[in-house]
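The working numbering numbers the first residue of the sequence shown as 1313 and each following residue consecutively.
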Amino acid sequence: MLFLTQTKNLTQQTNLLLRYLDNINWDAVFNHLITVIGEIIFFTILFMVIRSVGKRLITRGFVSYKNRSRLSGTRVDTMRTLTSNIYSYTVLFFYFYAVLSVLGVPVGTLIAGAGVVGIALGLGAQGFVSDVVTGIFIILEGQFDVGDAVKLGAISGTVTSVGLRTTTVKSPDGTVNFIPNRNISIVSNLSRSQMQVLINLPVAPDVDLELLRQTLTAVNHDLLAKTPAITDGPALLGMSANGDGTFAYQVMMHVKNGEQLAVQRKFLGAYLNALAAAGIQIPTPKLRQPQK
C-alpha cells in the first residue's frame, strides 16, 4: 500500500510539472532570450566603437595641442592620460547601465537609493574614493608628469601613466609597478631641477697637483663642447680626504636631469685615460686585513 501511495503521488507531481511546462509559451521565451542576447551584443559592439573612436580623437587632439602649446610635453601627456581614463570610465558606466537595463534590473531605483550608495561608499569604496581624490590633487598640483623620474616611497623609476586610481612607474630593471594613489605620501621628483655630478678621482698624496689640474682642464675643455647636457661646470674642487688614509681629487658639474650617469661615465673614462697618458699613477685600494 505504501509503495502504491508513493507511486500515485509521484505520478500526480509529474503530471503537474508536465502541465506547467505545456502551459509555457516556449516561442515567446526563446524570442525574448534571443532579443536580450542580441541587444547585449549590439550594446557591446556599440560601446566598443564609441570607446575606440573617442580615445583616438582624444589622442589626436592632445597631439595637436602639444605641437602648439607652451606646456611641457610630459604635462600634456599626463593630461591626455587623465582625460582618456575619465572617458573610459564614463563609457564603461553607461555600458553597464544599458546591459543591466536590458536584463530588467531597475538601475534607476538602485542609483536613487541614497542609503544603498552610502553603505557602498562607507564599506567598499573608501579606498577607491581616496585613490581618485589623491590622483586629482597629484595632477592639479603637478607633482609629477608622465616621463618624470621619481621616487615614490621604496619605488624608483620613470612615470609611464598617471590615472585617477593608480600611477604606473617603470623601474630601471624593467619592473612595472602599479601604485594605488592613496599609497603615495612622499613624492621625490628627480626631473624638475638640474642634477649634480661629483667625480672622485683617487690620487696619491704626493701627486703633482699642477700637472693634475692641467690634465683635467684639458679634458674638460675638449669634452665640454661635445656634451650639451652640462648646464654648469665642470669645476675642479681640489683634494679631499676619504677618511681611510687615502685621497681623492674632486670634480663637480651640473647636468640636465636624466643625463647624470652618462656624463659621469664619459668624463670619468676620459679623466682616467688622460691621467694615465700624463704619467699620473692612480693608486689601487688596499685590501683590508681580516681581523683576528
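We put the CB at the ideal spot given by N, CA and C, even for glycine.
The shortest C-alpha to C-alpha distance from residue 1559 to any of 1469, 1593, 1574 is the one to 1593. Taking 3 residues as the minimum length, the beta strand (DSSP E) runs contained wholly in the segment 1438–1466 are 1461–1464, in order along the chain. Look at residue 1389 here: in three-state DSSP terms it is helix. Per the C-alpha coordinates, the member of 1398, 1582, 1563, 1568 positioned closest to residue 1478 is 1398. In the structure shown, residue 1476 falls within a coil segment according to DSSP collapsed to helix, strand and coil. One Cα belongs to residue 1364, the other to residue 1564, and the distance between them is close to 51 angstroms. Within the segment 1479–1506, the runs of beta strand (DSSP E) that reach at least 3 residues and sit entirely inside it are, in chain order, 1488–1492, 1499–1501. Note that the segment 1512–1523 does not touch the segment 1465–1473; fewer than 3 beta-carbon pairs, one per stretch, sit closer than 8 angstroms. Looking only at 1476, 1410, 1551, the smallest Cα-Cα distance to residue 1401 is reached by 1476. About 18 angstroms separates the beta carbons of residue 1549 and residue 1582, which is beyond the 8 angstroms limit, so they are not a contact pair.
Here DSSP, grouped into helix, strand and coil, assigns residue 1526 to helix. Residue pairing for residue 1567: DSSP places it in a beta bridge opposite 1507, 1542. In the structure shown, residue 1591 adopts coil according to DSSP, grouped into three states. As DSSP reads the structure, residue 1514 sits in a beta bridge with 1560.
Nearest neighbour of residue 1552 by Cα position, chosen from 1482, 1519, 1498, 1362, turns out to be 1519. Of all C-beta pairs linking the segment 1565–1577 to the segment 1521–1529, fewer than three are shorter than 8 angstroms, placing the two stretches out of contact. A straight line joining the alpha-carbon of residue 1345 with that of residue 1362 spans about 26 angstroms.
Distances from the CA of residue 1446 to each of 1507, 1354, 1497, 1357 were compared; the closest alpha carbon is that of 1497.
With contacts defined as CB atoms closer than 8 angstroms, residue 1414 and residue 1455 fail to qualify as a contacting pair.
If you draw a straight line from the Cα of residue 1566 to the Cα of residue 1542, it is about 6 angstroms long.
When DSSP states are grouped into helix, strand and coil, residue 1403 belongs to the helix group. Comparing alpha carbon positions, the residue from 1351, 1352, 1393 closest to residue 1370 is 1393.
Inter-residue distance for residue 1491 and residue 1453 is about 18 angstroms (C-alpha atoms, whole angstroms).
In this structure residue 1403 is in contact with residue 1359, their Cβ atoms being roughly 6 angstroms apart against a cut-off of 8 angstroms. Residue 1537 counts as exposed, since fewer than 16 other beta carbons sit within 10 angstroms of its beta carbon.
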